[in-house]
Amino acid sequence: MKLKKIGYYDYTVILTYLGMLLACCGIFQVMDQQYWTALFCLMAAGVCDMFDGTVAKTKQRDADEKRFGIQIDSLSDLISFGVFPAVFVYQISGRRTIAGLMAALYILAGLIRLAYFNVLEERRQREQPEQKSCFLGVPITTIAILLPVVYLLYDYHVFRNTAFFTLILFLTGVGFLTPVEIKKPDIFGKIALIIVGVIEAVFMLLFMGWDAV
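This is the structure:
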């Protein structure tokens, strides 16, 4: 009997897989205290996540492929925007106990949110095939915008207390579990987010240059 390969490997999941691999590279950079490079990996993973759904919709998929897409996207998000930022904050905070505790709770909040999303999304696709227009709770990818901003302010000496990173994790984690509806960005919203990301990247490159002087 011919065995079927495990998983799906067509073009609809390439961005999801790439985003997860970028996040892994970012975690390795954090472990080496290369925070700028790590944040570039985080932002690049965010861009991959922004468009992976759009790419997936260009192919006619069967029910199993759709369910696989939902699961693999959330699992990738948990690594990219759950574990990765938590490791970043724990490391930059000097591996303090309170930072470690908050990082663990942040990952737990992200895990709960993503699992709940999967349940709702599978039910929605069975009952309402059209694309949903709102997020329930703060999207987990929000951290890909917030963390670079916080680090820029930190490196710019606006504040020097690393406790602010822990605070951001706490507030974002609470947002994951708060049942508020947030409108999904359309194409113009995505362009606006990319512009914000480009501006952040430019400032990050400038500060990387100053640090080298």
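Numbering follows my numbering, with no gaps: position 98 of the sequence shown is 100.
Using N, Cα and C, we set each Cβ at its ideal position, and we do this for glycine too.
I need the boundaries of the alpha helix (DSSP H) containing residue i, first residue and last residue.
{"i": "K68", "result": "65-79"}
{"i": "Q93", "result": "86-94"}
{"i": "G48", "result": "37-58"}
{"i": "G9", "result": "Run containing G9: none; DSSP gives neither H nor E here."}
{"i": "T174", "result": "165-178"}
{"i": "Q31", "result": "16-33"}
Excluding the 5 residues preceding and the 5 following residue i in the sequence, name in chain order all residues of the same chain whose CB lies nearer than 6 Å to its CB.
{"i": "G71", "result": "A58"}
{"i": "F172", "result": "M104"}
Where do the ends of the beta strand (DSSP E) carrying residue i lie?
{"i": "F161", "result": "Neither: F161 is in no beta strand (DSSP E) and is coded neither H nor E."}
Per DSSP, what are the beta-bridge partners of residue i in this structure?
{"i": "G183", "result": "A small fix is needed here, since residue 183 is Glu in this sequence, not Gly. L138."}
Quick check on residue i: buried or exposed, where buried means 16 or more other Cβ atoms within 10 Å of its Cβ?
{"i": "P150", "result": "buried"}
{"i": "R97", "result": "exposed"}
{"i": "C136", "result": "exposed"}
{"i": "V160", "result": "exposed"}
{"i": "T143", "result": "buried"}
{"i": "A119", "result": "It should be pointed out that residue 119 corresponds to Phe in this sequence rather than to Ala. It is buried - the Cβ of F119 has at least 16 other Cβ atoms within 10 Å."}
{"i": "F190", "result": "exposed"}
{"i": "Y158", "result": "exposed"}
{"i": "V152", "result": "buried"}
{"i": "I109", "result": "buried"}
{"i": "Y10", "result": "exposed"}
{"i": "L122", "result": "exposed"}
I'd like the list of long-range same chain contacts for residue i, defined as Cβ closer than 8 Å, with 5 residues on each side in sequence excluded.
{"i": "G139", "result": "R115, G177, F178, L179, T180, P181, V182, I184"}
{"i": "R69", "result": "E124"}
Within its chain, find whatever has a CB closer than 7 Å to the CB of residue i; leave out the 5 residues flanking it on each side and keep chain order.
{"i": "T39", "result": "Q31"}
{"i": "I74", "result": "V15, T18"}
{"i": "L155", "result": "F161"}
Is residue i a contact residue of the ligand SAM, with contact defined as CB to any heavy atom under 6 Å?
{"i": "L148", "result": "The ligand SAM is absent from the structure shown, which contains no ligands of any kind."}
Inset, instruction - Would you be able to state if there are at least three C-beta pairs under 8 Å between the stretch 30-41 and the stretch 81-98? - result: yes
Legend entry - the stretch 110-129 / the stretch 61-80 touching (three or more Cβ pairs under 8 Å): yes
Legend entry - Touching by the beta-carbon criterion (3+ pairs, under 8 Å), the stretch 160-172 and the stretch 14-21: no
Legend entry - Stretch pair the stretch 32-51 + the stretch 194-210: three plus CB contacts closer than 8 Å: yes
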